[in-house]
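Listed in order, the protein sequences are those of chains A and B. Everything in the first sequence is counted per our numbering, starting at 1 for the first residue and increasing by one. Everything in the second sequence is counted per our numbering, starting at 344 for the first residue and increasing by one.
Number of protein chains: 2
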Amino acid sequence: MAYRSAMRNRVTLADVAKAAGVNAATVSRSLNPATEGQVRKETARKIKKIAKDLGYTPNTVARGLRTRKSLTIGVVIPDLTNPIFPPIVRGIDSYLLPRGYSAMVVNTDGNKEIEQTLISSLMERQVDGLIVATGHTEGDLLSQFHERGVKVVMVNRESPGIPFPAVTSDDGAGISAIIEHLVELGHTNILHLAGPSDSSTGLLRSKTFSSECKKRGLVGKVIKNENYSIDDGQAAIDKILDHGARTFTAIVAGNDLLALGAYHSLRTHGLRCPDDVSVVGFNNMPFTADFQPPMTTVNAPHYDMGVEAARLLLSQIDGIDSAPVKVTLPVSLILRGSTARAL
Amino acid sequence: MAYRSAMRNRVTLADVAKAAGVNAATVSRSLNPATEGQVRKETARKIKKIAKDLGYTPNTVARGLRTRKSLTIGVVIPDLTNPIFPPIVRGIDSYLLPRGYSAMVVNTDGNKEIEQTLISSLMERQVDGLIVATGHTEGDLLSQFHERGVKVVMVNRESPGIPFPAVTSDDGAGISAIIEHLVELGHTNILHLAGPSDSSTGLLRSKTFSSECKKRGLVGKVIKNENYSIDDGQAAIDKILDHGARTFTAIVAGNDLLALGAYHSLRTHGLRCPDDVSVVGFNNMPFTADFQPPMTTVNAPHYDMGVEAARLLLSQIDGIDSAPVKVTLPVSLILRGSTARAL
DNA sequence: GCTATTCGTGCAATCGATTGCACTTAGGCC
DNA sequence: GGCCTAAGTGCAATCGATTGCACGAATAGC
């Protein structure tokens with residue numbers, strides 16, 4: 001007997017029912033706050049005690065099968081090791097957990113096929129909804145989901161064309177603040193190290209950059225990168241510094257990683273930041289203040305974006321919000337040591 | 344009809360069976376590689392085609408209920424925003440995904456109650472096993488699991504007293520290498536900024552530190568910290584530098600975060616690293632090379648530790664390994680700019 | 001040519017919880 | 001005191017897939 005209980009941890013509703021001398025239905029109703037009222041107080045109390053004594057724990061899988069709710073939501077991100085995502089995930093978690101939901105996080109590495117596979121796997125697991133932070137999702141899958149009525153919220157990226165709710169930071173305002181700051185420092189020739197153009201953030205930031213430069217009569221060149229990575233940023237600046245003369249005095253990077261790549265390139269080319277070239281990042285990811293030099297960047301409220309995305313998703317699932325809301329969270333320019341007056 | 348299919352994405356085994364004019368059992372067998380042989384080739388082929396045409400996707404929840412396997416494993420970590428954990432999680436994922444498993448990651452923030460709640464929630468979700476990276480788990484819960492036969496693997500921490508398989512880095516060797524390096528640089532008075540003593544890593548590292556110092560006849564003082572955090576590290580060094588004279592010429596931190604805290608404290612006290620004080624971290628977390636100065640630290644193979652932990656867990660689940668294996672992965676000292684010859 | 005296998009498939013139970021419906025028992029009402 | 005209503009439980013179906021068992025047909029063996 002002891003052996004049996006050691007092997008088979010499972011105590012089911014039926015076990016509790018038998019012990020209490022009632023039907024499993026009554027146990028179910030007693031243990032569910034929403035239906036507890038249907039059971040006589042005295043009975044409910046007794047059942048709860050027995051359930052506790054027996055160490056009953058509900059089987060969420062069985063419940064989910066019946067109720068068609070898994071209380072699980074899928075979170076699709078490119079790469080957890082990119083420091084902006086952990087805060088988003090934790091923000092999501094912080095909203096979900098107290099409400100009985102759990103998150104299942106998957107990494108796509110920006111690969112569309114992997115993404116399709118992972119999303120399918122999440123759907124097979126009957127997730128109640130999806131929070132998607134990947135850029136490469138113009139295609140088939142998400143639009144299919146929209147048709148099928150799958151609940152999706154975008155975070156940090158917008159869905160191109162598909163009217164899903166989305167939570168983003170105010171990238172336009174961020175870029176404008178950066179340009180304003182650089183102009184005040186006397187910069188007139190600025191390079192934009194743009195993020196991938198198939199991500200909404202990359203696109204919006206570079207568009208804003210161009211229009212701001214035009215508006216202010218600045219020389220604003222844009223270089224596109226494949227990925228938001230240190231390597232891409234470094235390679236892009238390397239390419240410029242290796243051949244021909246540098247004309248820009250400041251670099252506006254699409255994100256902090258690209259900016260860090262710029263740091264590396266400048267250093268290997270004997271250029272000092274900010275003395276020779278000013279560099280500005282975007283996101284204010286962890287540790288940017290500890291870089292050499294401390295990085296001037298735009299703070300995006302990633303944790304809050306996660307919270308907001310989770311909130312939007314649950315209200316969609318509960319059928320409260322049906323309109324595809326777009327939430328834009330404010331950003332702020334963080335002045336540190338990587339920008340200086342133009343020579 | 345179109346509306347119905349739009350609303351109810353679900354195509355079940357029964358739907359496929361009806362379309363194919365066979366019993367659901369036959370469809371099930373056809374679609375499962377392991378049982379496909381039981382079905383006539385021709386029939387299986389036809390069924391597969393119909394399943395594909397109808398867009399059938401298996402319901403993992405229903406399957407799990409019947410087979411008592413969720414193909415999901417729980418990953419318990421303190422805090423995803425601590426940069427050492429994302430690589431571990433990705434390592435776990437990389438091993439799990441190709442084998443049909445998914446990971447469900449939860450953050451405990453080092454809080455024991457939260458941990459209990461989250462682990463219970465994971466168990467209710469019928470996870471097939473647990474990978475645990477939290478330190479505060481001496482107690483009740485995990486030992487209960489051991490009795491109940493729940494599959495658990497520890498990663499980055501060892502379970503105190505409970506014989507679960509564990510994957511760790513060779514912290515002892517790492518500390519020894521650090522001391523060796525500092526001795527070569529002429530340091531004889533070294534401070535150890537130790538991690539929490541209720542974590543196996545914190546304990547092992549500080550023990551090794553003390554024994555190495557004794558063995559080599561060095562002055563080695565140890566200061567304990569509550570958490571592996573920047574703030575704790577900074578506060579600890581602040582406390583020393585604020586009152587009284589500093590005697591040490593080098594700091595060996597329990598991890599990179601504590602080391603970074605030391606950086607901050609030294610800077611605010613007008614001390615230069617490494618000129619006045621050498622600092623060594625532990626873990627080689629991302630971006631340590633970009634700190635000012637670039638941090639000398641010990642590289643721990645976090646990604647590989649994740650892979651190994653997942654491997655151990657699955658082999659336990661499959662009943663292959665039953666002995667509680669301890670795997671220790673090698674580390675290496677990464678010399679950068681935060682250590683210099685003692686004055 | 002007749003029994004003994006083997007093969008292919010269907011039937012029905014099962015996993016654990018939820019829930020619509022029916023039934024019993026009380027209590028309220030006139 | 002008889003009838004009606006409501007409260008409290010039980011019964012049984014259900015969610016979707018898996019699987020032991022049984023049955024009929026086809027093949028093999030002698």
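C-beta atoms are modelled at their ideal positions from N, C-alpha and C, and glycine is treated no differently. Only a predicted model underlies this, so the values are computations on that prediction, with no experimental measurement involved.
Should residue i be labelled buried (16 or more other beta-carbon atoms within 10 Å of its own) or exposed?
i: A:D53; result: exposed
i: B:A363; result: buried
i: A:S159; result: buried
i: A:G233; result: buried
i: A:K41; result: exposed
i: B:Q659; result: buried
i: B:S542; result: buried
i: B:D585; result: exposed
i: A:D109; result: exposed
i: B:I431; result: buried
i: B:M350; result: Because the pLDDT at B:M350 is just 41, under 50, the model does not fix this residue reliably, and the point stays unresolved.
Which of the three DSSP states, helix, strand or coil, is assigned to residue i?
i: A:T72; result: strand
i: A:T108; result: coil
i: A:I88; result: helix
i: A:A323; result: coil
i: B:M497; result: strand
i: B:R351; result: Confidence at B:R351 is low in this model, with a pLDDT of 49, below 50, so the placement of that residue should be treated as unreliable; the coordinate-derived value is given next. Here B:R351 sits in coil by DSSP.
i: A:S338; result: coil
i: A:H192; result: strand
i: A:I77; result: strand
i: B:L614; result: coil
i: A:S102; result: strand
i: A:G174; result: helix
i: B:V382; result: coil
i: B:F625; result: coil
i: A:V331; result: coil
i: A:A2; result: With a pLDDT of only 31 at A:A2, under the threshold of 50, the placement of this residue in the model should not be trusted; the figure read from the coordinates follows. It is helical.
i: A:A34; result: coil
i: B:A596; result: strand
i: B:F634; result: strand
Using a Cβ-Cβ cut-off of 8 Å, state whether residue i counts as contacting chain B.
i: A:G64; result: yes
i: A:R125; result: yes
i: A:L96; result: no
i: A:M154; result: no
i: A:P417; result: Residue 417 of chain A lies beyond the stretch modelled for chain A, which goes from 1 to 343, so this question has no answer here.
i: A:N23; result: no
i: A:R40; result: no
i: A:R205; result: no
i: A:F291; result: yes
i: A:N32; result: no
i: A:P274; result: no
i: A:S229; result: no
i: A:P301; result: no
i: A:P163; result: no
i: A:V298; result: no
Using beta carbons (cut-off 8 Å, strictly below), is residue i in contact with chain A?
i: B:F625; result: no
i: B:M344; result: Residue confidence is low: B:M344 scores 30 on pLDDT, short of 50, so the model does not pin down where it sits. No coordinate-derived value is stated.
i: B:A653; result: no
i: B:N402; result: yes
i: B:M447; result: yes
i: B:L561; result: no
i: B:P429; result: yes
i: B:N450; result: yes
i: B:R433; result: yes
Taking residue i as part of the beta strand (DSSP E), name the residues at either end of that continuous run.
i: B:G563; result: 562-567
i: B:A509; result: 509-512
i: B:I505; result: Per DSSP, B:I505 belongs to no beta strand (DSSP E) and is neither H nor E.
i: B:L473; result: 472-475
i: B:V620; result: Premise fails: B:V620 is in no beta strand (DSSP E) and is neither H nor E.
Starting from residue i, trace the alpha helix (DSSP H) in both directions and tell me its first and last residue.
i: B:L547; result: 543-559
i: B:V359; result: 356-363
i: B:T590; result: No alpha helix (DSSP H) holds B:T590; DSSP gives it neither H nor E.
i: B:T403; result: 403-410
Residues in the segment 410-424 of chain B with C-beta within 7 Å of chain A's C-beta atoms, listed in sequence order?
Contact annotation: in the segment 410-424 of chain B, residues whose CB is within less than 7 Å of a CB in chain A are S413, L423, T424.
What residues in the segment 237-271 of chain A bring their beta carbon closer than 9 Å to a beta carbon of chain B?
Of all residues in the segment 237-271 of chain A, L260, Y263, H264 have a Cβ within less than 9 Å of some Cβ in chain B.
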